[in-house]
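Let me begin by presenting the structure, written as structure tokens, before commenting on it.
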Amino acid sequence: MRASLILLYYQKGITYGNGFILSTAVATAEEISKNPIGYGLELIRKAKREFDREYLKSVADLLVIKGRPHIAVEGTYLVSDLRYAGFKEVDFGWGSAIYGGPAKAIPILASFLNVRKVKMES
20 MRASLILLYY QKGITYGNGF ILSTAVATAE EISKNPIGYG LELIRKAKRE
70 FDREYLKSVA DLLVIKGRPH IAVEGTYLVS DLRYAGFKEV DFGWGSAIYG
120 GPAKAIPILA SFLNVRKVKM ES
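Using my numbering, the first residue of the sequence shown is number 20, and each one after it goes up by one.
In structure tokens form, the structure reads like this:
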């Protein structure tokens, strides 16, 4: 959906630089621990199914109306699948990317990333 959001703003002649929108599955620790693993997986599947072009437009409109929200860090744990984010296709003229993702560890974030093994020169 990353491309859809970029296209949406491009069509309106608006550019804001880079950004992202999170789809969300919410559950308490008690709900996760007392239910089978399929419960949590279904919450994630539902959030992914509902993440479409209309969702992007709705969130973009909400950001314009209410401004950027403050994210409550306490009790928050983010899981991000960046394997298909397109980092490998970005070309700054330095050759293909070896890594693309967070620059340092973020305590409330787990990221799934693509990496490739390269032989380092000594």
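Cβ atoms here follow ideal geometry from the backbone N, Cα and C, with glycine treated the same way.
Give me, in chain order, the residues of the same chain whose beta-carbon lies closer than 7 angstroms to that of residue i; leave out the 5 immediate sequence neighbours on both sides.
{"i": "residue 118", "result": "134"}
{"i": "residue 92", "result": "127"}
{"i": "residue 62", "result": "44 and 46"}
Output needed for residue i: all residues of its chain with C-beta closer than 8 angstroms, excluding positions within five of it in sequence on either side, in chain order.
{"i": "residue 50", "result": "58"}
{"i": "residue 43", "result": "66"}
{"i": "residue 109", "result": "116 and 119"}
Ordered along the chain, which non-local residues of its own chain (more than five positions away) have a Cβ less than 6 angstroms from that of residue i?
{"i": "residue 78", "result": "40"}
{"i": "residue 95", "result": "127"}
{"i": "residue 155", "result": "Because the chain in this structure spans residues 20 to 141, residue 155 falls outside the shown range and cannot be described."}
Out of the options, which one is the CA nearest neighbour of residue i?
{"i": "residue 130", "options": "109, 102, 140 and 106", "result": "102"}
{"i": "residue 104", "options": "116, 93 and 112", "result": "116"}
{"i": "residue 60", "options": "107, 71, 82 and 45", "result": "45"}
{"i": "residue 124", "options": "82, 98, 54 and 53", "result": "98"}
Let me check one thing: in DSSP terms, what residues is residue i bridge-paired to?
{"i": "residue 128", "result": "97"}
Rounded to the nearest angstrom, how far is the Cβ of residue i from that of residue j, given a contact under 8 angstroms?
{"i": "residue 120", "j": "residue 132", "result": "5 angstroms"}
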